[in-house]
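Counting from 1 along the sequence shown, just add 3 to a position and that's the residue number in the numbering used here. We put the CB at the ideal spot given by N, CA and C, even for glycine.
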Amino acid sequence: MFTPLRYALSIALISVLIPLVLPIGILVYSIINNPECLVVKTITGEEEYVGNNTYKVPIVITYCSTVPLTDVRAVFNSTVLEIPRITRGEHKYVVELRPGDRLIELEFRIMGLYKLSIKFGV
């Protein structure tokens with residue numbers, strides 16, 4: 004008697020869960036296939052002295068997955084780089100850093116749904 008209702012509820016549940024779980028699956032698959040899927044690096048030789056022991060340093064973020072990252076925050080010792088959205092490809096930003104500054108934390112949301120924070124050794 005309730006079999007059609009069960010099937011309808013099952014289909015509705017699956018159609019809601021798939022879009023929620025699929026972005027994480029795609030990102031994990033991309034990282035497993037390419038461990039350098041998300042790379043943050045500085046370009047040496049292009050630093051520009053600003054003053055007060057501070058330099059403008061180009062930062063390149065390379066990302067290989069089709070799942071967009073939103074609310075990206077790269078936390079350095081003396082500054083925070085905030086990026087609203089990163090998609091597949093190479094993205095260049097300029098950050099004011101001091102000598103000895105390094106990346107402490109990388110925080111982002113996977114498609115705006117799941118917040119992930121990667122902390123690096125202190």
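Legend entry - Pair within 8 angstroms by beta-carbon distance, I46 and C40: At the C-beta level, I46 and C40 stay beyond 8 angstroms of one another.
Inset, instruction - Closer than 6 angstroms by C-beta to V75: which residues in its own chain qualify, once you throw out the five before and the five after it? Chain order, please. - result: Counting only Cβ-Cβ distances below 6 angstroms, and skipping sequence neighbours, we find I86, I89, F111.
Inset, instruction - Excluding the 5 residues preceding and the 5 following T69 in the sequence, name in chain order all residues of the same chain whose CB lies nearer than 7 angstroms to its CB. - result: Apart from sequence neighbours up to five positions away, the residues of its chain that approach T69 with a beta-carbon distance below 7 angstroms are I29, R91, ordered along the chain.
Legend entry - Through-space distance from L20 to I107, alpha-carbon basis: Going from the Cα of I107 to the Cα of L20 covers about 34 angstroms.
Inset, instruction - Have a look at V63, G103, V24, P71 and flag the residue whose alpha-carbon is nearest the alpha-carbon of F79. - result: With distances taken between Cα atoms, F79 lies closest to G103.
Inset, instruction - Return helix, strand or coil for L116, following the three-state DSSP convention. - result: In the structure shown, L116 falls within a coil segment according to DSSP collapsed to helix, strand and coil.
Inset, instruction - Give the straight-line distance between the Cα atoms of V63 and V43, rounded to the nearest whole angstrom. - result: Rounded to the nearest angstrom, the two C-alpha atoms are 6 angstroms apart.
Inset, instruction - Tell whether a beta-carbon distance below 8 angstroms holds between V98 and T73. - result: No.
Inset, instruction - Counting only the same chain and skipping the five closest in sequence on each side, list residues whose C-beta sits under 7 angstroms from that of Y52. - result: Excluding positions up to five away in sequence, the list reads Y58.
Inset, instruction - Pull up the DSSP beta-bridge partners for Y52, would you. - result: Answer by DSSP bridge pairing, in chain order: Y58.
Legend entry - Between the CA atoms of Y117 and T65 - distance to the nearest angstrom: The C-alpha of Y117 is placed about 20 angstroms away from the C-alpha of T65.
Inset, instruction - Have a look at I121, G115, S120, F123 and flag the residue whose alpha-carbon is nearest the alpha-carbon of V24. - result: Comparing Cα-Cα distances from V24 to each of I121, G115, S120, F123, the minimum goes to G115.
Inset, instruction - Please confirm whether N36 and R101 have their CB atoms less than 8 angstroms apart. - result: Against a cut-off of 8 angstroms, the Cβ pair of R101 and N36 comes out as no contact.
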